[in-house]
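Notes for the one structure printed next.
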Amino acid sequence: MSVRRNTHRVSGAPLALLVAALAALASSAMPLRAQTLAGSLVAEADRAPIVGARVRLLTVDLDEVAGTVTDSSGAFELSAGSGGVYVVHVEGGGLDGFLSDPIVLSAGQFERLDLVVPVQPDPADPTSIVAETLAAACTAENGPDQGVLYGVVVDSISGVGIAEARVQLATPGHGTRATVAKQDGIYVFCQVPTGARVEVRAQAGSRFPAARRVALVPGESRRLDVALGVSTSDAPASVLGRVVDYDTGEPLADAEVRLRGTELVTATDANGFFRLDSVPWGVYVVEVDHLGHAHQEQALRIEGGRAHDLRVRLPTEAIALDPITVEVKPRRWFGDMARLQQRMAAGFGTYLTREQIERRGAARFTDLFRGLPGVRLVQSSAGGRASEYRVVLRKALTLGGGTCFPIFWVDGRKVPSLGKDGNPIDDFFQPSDIEAVEIYRGPAQTPGEFIDSDANCGVVVVWTRRGR
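Its first residue numbered 284, the sequence shown is counted upward by one per residue in our numbering.
In structure tokens form, the structure reads like this:
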């Protein structure tokens, strides 16, 4: 590790002498003023900023004075209450924990410490294993003068992979191509031209994009992670989830869900749902208990200002499983799903949850409606394809006695043309796209937020897994 700083450097001096120097400063008649230590962390390989690393200012006795997390540019800033001799401890962000050389901070002064450090992703990390496997599959497609570029799009604060982030590769003379990051934020580009610097640019939702540049040599496979400022360490997060039986998938009511070391605890409702509000950013252990089922616990990383969707499957026996899955969603998604739970509890409509959708094994979207009470499918003549179907809610008739069709809402927005007038529903959705479906057969059942003059024929509310 190399160190660049504009402060004078203390190295090689015994700790006893450093402690003595600190004691001498403390005995001075002039009171010591607060001072600031600012700096940055960059990777040794490509000088890229290291984001999300934990930086702590310690005394020579290793007592913590201040702490922070590096931002999207790898920068950090720490303040101490007095001048003296300190060390900096850094961990996370792909780094093994390490201590800097001792640093003398002069009272009332602004000091700087810039660190250039080696970064090696944990080879045992499941995300790293999947990314490297996908990258290795590219080599068969590559020519002798091409390389492979892969990596993970992560949140700059928490380090969590960002699923469905859009990733672009811009290559001089070869244009631009794009892909979408997988569930763990993984992206891969095969057949990357070598010899010239290429740019990888990532963006998630409306957040500002981030870009990194690198040049490959022929045959090289390079990992290049991209950090986006999606979450914040200041804003609280929300957790919404469901607990089901591991074998049957049936919801478990009255299961206790808690975050270890906090006062945050709740119980699941009759449909197995639970919610936790105002969860501070950080890493927790989520514990789940239910009478007749095995205790489960799992580490959970919370991103500030975001919503987290948990699916917990409890076995009836204590066996080794990986029972909890977590997806990070836009903040608005949390409110949508919380209101869905309230409508399900009221019980006025028919509902399909994600677990029910998966159990149905439907080949297309309209197949999800087969066998539901008060719902039938009619073959459509629009478009001339005999296999097209439209959803009809029973007893839904026009004033003239003809069949009328329900209005569709998708992710909170009304879509009047969906499923009618030559727009087959199956052209818009696949069952794998859907998080939940709500079906209301008439105005008497329909909640206020979905009711208007078009609700006479019923309402179908579709919530996609992407959200809005």
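No residue lacks a Cβ here, since even glycine has one placed at the ideal position from N, Cα and C. If you're wondering where the values come from, they're calculated on a predicted model, not measured in any experiment.
Where Thr649 falls: helix, strand or coil (DSSP) | On the sequence shown, residue 649 is found 366 positions in, with the first residue counted as 1. Thr649 falls in the helix class under three-state DSSP.
Outcome for Ser362 when other beta-carbon atoms lying within 10 angstroms are tallied against a minimum of 16 | For the purposes of this step, residue 362 is taken as residue 79 along the sequence shown, with counting starting at 1. With fewer than 16 Cβ atoms within 10 Å of its Cβ, Ser362 is classed as exposed.
Report the residue from Cys473, Pro492, Gly657 whose alpha carbon sits nearest the alpha carbon of Gly725.
-> Within the sequence shown, the letter at position 442 stands for residue 725. With distances taken between Cα atoms, Gly725 lies closest to Gly657.
Check whether the region 710-720 touches the region 644-662, counting contact only when three or more Cβ pairs, one atom from each stretch, lie closer than 8 Å.
-> The region 710-720 is in contact with the region 644-662.
Kindly indicate which three-state DSSP category Ala577 falls into: helix, strand or coil?
-> Sequence index remark: in the sequence shown, residue 577 carries index 294 (1-based). Three-state DSSP puts Ala577 in coil, outside helix and strand.
Gly695 versus Gly350 - alpha carbon distance = Along the sequence shown, read from residue 1 onward, the residue named residue 695 stands at position 412. Along the sequence shown, read from residue 1 onward, the residue named residue 350 stands at position 67. Cα-Cα distance, rounded: 41 Å.
Give every residue of the same chain whose Cβ lies closer than 6 Å to the Cβ of Leu315, excluding the five residues on either side of it in the sequence, and list them in chain order.
-> Along the sequence shown, one-based indexing puts residue 315 at 32. Legend: pLDDT at Leu315 = 34, less than 50; position of this residue unreliable, value from coordinates given subsequently. Around Leu315: Ser365, Gly366, Ala390.
At least 3 beta-carbon pairs within less than 8 Å: the region 426-440 vs the region 493-513 | yes
Please state if the CB of Ala493 and the CB of Val509 are separated by a distance shorter than 8 Å.
-> Residue numbering aside, residue 509 sits at position 226 when the sequence shown is read from its first letter. Residue numbering aside, residue 493 sits at position 210 when the sequence shown is read from its first letter. Result yes, Cβ atoms of Val509 and Ala493 sit closer than 8 Å.
Where Leu593 and Val526 are concerned, what is the direct C-alpha to C-alpha distance, given to the nearest angstrom?
-> Along the sequence shown, one-based indexing puts residue 593 at 310. Along the sequence shown, one-based indexing puts residue 526 at 243. Rounded to whole angstroms, Leu593 to Val526 spans 8 Å at the Cα level.
The alpha helix (DSSP H) spanning Gln318 covers which residue range?
-> The residue given as residue 318 occupies position 35 in the sequence shown. From DSSP, Gln318 is part of no alpha helix (DSSP H) but of the beta strand (DSSP E) over 318-326.
Ends of the beta strand (DSSP E) at Gln429?
-> As a first step, residue 429 is located in the sequence shown; it is residue number 146 there, counting from the start. Segment 429-438, the beta strand (DSSP E) holding Gln429.
Ends of the alpha helix (DSSP H) at Glu638?
-> Within the sequence shown, residue 638 is the residue found at index 355, counting from 1. Annotation for Glu638: the continuous alpha helix (DSSP H) segment containing it runs 637-643.
Boundaries (first-last residue) of the beta strand (DSSP E) holding Tyr672 | As a first step, residue 672 must be located in the sequence shown, where it is residue number 389. Under the DSSP assignment, Tyr672 falls in the beta strand (DSSP E) whose first and last residues are 672-676.
Mind reading off the beta-carbon distance from Gly357 to Pro385? Whole number of angstroms is fine, and I expect it under 8 Å.
-> Reading the sequence shown from its first residue, position 74 is the one you call residue 357. Reading the sequence shown from its first residue, position 102 is the one you call residue 385. In fact, because the Cβ distance is near 23 Å, the residues do not count as touching under 8 Å.
Can you tell which of Thr462, Tyr470, Leu452 has its C-alpha closest to the C-alpha of Arg480?
-> The count along the sequence shown starts at 1 and reaches residue 480 at position 197. That would be Leu452, whose Cα lies nearest to the Cα of Arg480.
Closest Cα partner of Thr459 within the set Thr747, Arg484, Pro563 = Within the sequence shown, the letter at position 176 stands for residue 459. It is Arg484 whose Cα lies nearest to the Cα of Thr459.
Of the choices Glu503, Arg495, Leu341, Glu374, whose alpha-carbon is the least far from that of Gly335?
-> Against the sequence shown, residue 335 aligns to sequence position 52. Cα-wise, what sits closest to Gly335 is Glu374.
Provide the residue span of the beta strand (DSSP E) that contains His591, from first to last.
-> Residue numbering aside, residue 591 sits at position 308 when the sequence shown is read from its first letter. Secondary structure note for His591: its beta strand (DSSP E) is the uninterrupted segment 590-597.
Among Leu345, Thr531, Val387, which one has its Cα closest to the Cα of Thr319?
-> Along the sequence shown, one-based indexing puts residue 319 at 36. The shortest Cα separation from Thr319 among Leu345, Thr531, Val387 belongs to Val387.
Local conformation of Arg622 per DSSP, three classes = On the sequence shown, residue 622 is found 339 positions in, with the first residue counted as 1. If DSSP states are grouped into helix, strand and coil, Arg622 belongs with the helices.
Taking buried to mean at least 16 other C-beta atoms within 10 Å of its own C-beta, is Ala446 buried or exposed?
-> Sequence index remark: in the sequence shown, residue 446 carries index 163 (1-based). Buried, since its Cβ has 16 or more Cβ neighbours within 10 Å.
Three-state class that DSSP yields for Met313 in the structure shown = Reading the sequence shown from its first residue, position 30 is the one you call residue 313. Any reading at Met313 must be qualified, since the residue scores a pLDDT of 35, below 50, and its modelled position is unreliable; no value is offered.
Euclidean distance between Cα positions of Arg449 and Asp344 = The residue labelled residue 449 in the question sits at position 166 within the sequence shown. The residue labelled residue 344 in the question sits at position 61 within the sequence shown. When rounded, the distance between both Cα atoms is 46 Å.
Nearest-angstrom Cβ-Cβ length linking Asn554 and Met620, presumed shorter than 8 Å = To locate residue 554, count along the sequence shown from 1; it is residue 271. To locate residue 620, count along the sequence shown from 1; it is residue 337. No, Asn554 and Met620 are not in contact; Cβ-Cβ is about 12 Å, not under 8 Å.
Pull up the DSSP beta-bridge partners for His372, would you.
-> To locate residue 372, count along the sequence shown from 1; it is residue 89. Answer by DSSP bridge pairing, in chain order: Arg339, Leu382.
Whose CA, out of Val675, Arg637, Phe556, lies closest to the CA of Phe652?
-> As a working mapping, residue 652 is identified with position 369 in the sequence shown. Considering only alpha carbons, the answer is Val675.
When the Cα of Arg637 is compared with those of Pro689, Arg339, Thr747, which residue comes out closest?
-> For the purposes of this step, residue 637 is taken as the residue at position 354 of the sequence shown. Considering only Pro689, Arg339, Thr747, the residue with the shortest C-alpha distance to Arg637 is Thr747.
Spatial neighbours of Thr342 within its chain, please: CB distance less than 7 Å, with the 5 preceding and 5 following residues excluded, ordered by chain position.
-> Residue numbering aside, residue 342 sits at position 59 when the sequence shown is read from its first letter. Val348, Tyr369, listed in sequence order.
To the nearest angstrom, report how far apart Tyr372 and Thr633 are at their CA atoms.
-> Working through the sequence shown from its first residue, we reach residue 372 at position 89. Working through the sequence shown from its first residue, we reach residue 633 at position 350. The residue you asked about is not Tyr; residue 372 is His in the sequence shown. Roughly 55 Å between the two C-alpha positions.
Taking the Cβ atom as the reference point for each residue, do Ala582 and Val568 lie within a distance shorter than 8 Å?
-> Here residue 582 is taken as the residue at index 299 of the sequence shown, counted from 1. Here residue 568 is taken as the residue at index 285 of the sequence shown, counted from 1. Closer than 8 Å, so yes.
Starting from Ala756 and walking both ways along the beta strand (DSSP E), at which residues does that stretch end?
-> Residue 756 falls outside the range modelled here, since the chain spans only 284 to 751, and no answer is possible.
For Cys473, which residues of its own chain have a beta-carbon under 7 Å away from its beta-carbon, when the five flanking residues on both sides are left out?
-> For this step, residue 473 is matched to residue 190 along the sequence shown. Cβ within range, chain order: Cys421, Glu424, Asn425, Val431.
Which whole-angstrom value describes the C-beta separation of Val443 and Arg584, a residue pair presumed to lie in contact below a C-beta threshold of 8 Å?
-> In the sequence shown, the residue the question calls residue 443 occupies position 160. In the sequence shown, the residue the question calls residue 584 occupies position 301. Arg584 and Val443 do touch by the CB rule: their CB atoms are close to 6 Å apart, below 8 Å.
Exposure of Glu327, with buried meaning 16 or more beta-carbon neighbours within 10 Å | Indexing the sequence shown from 1 puts residue 327 at position 44. By the 10 Å Cβ count, Glu327 comes out exposed.
7 Å Cβ shell around Ala738 - same chain, five flanking residues per side excluded = The residue labelled residue 738 in the question sits at position 455 within the sequence shown. Only Ile690, Pro726, Thr729 meet the Cβ criterion.
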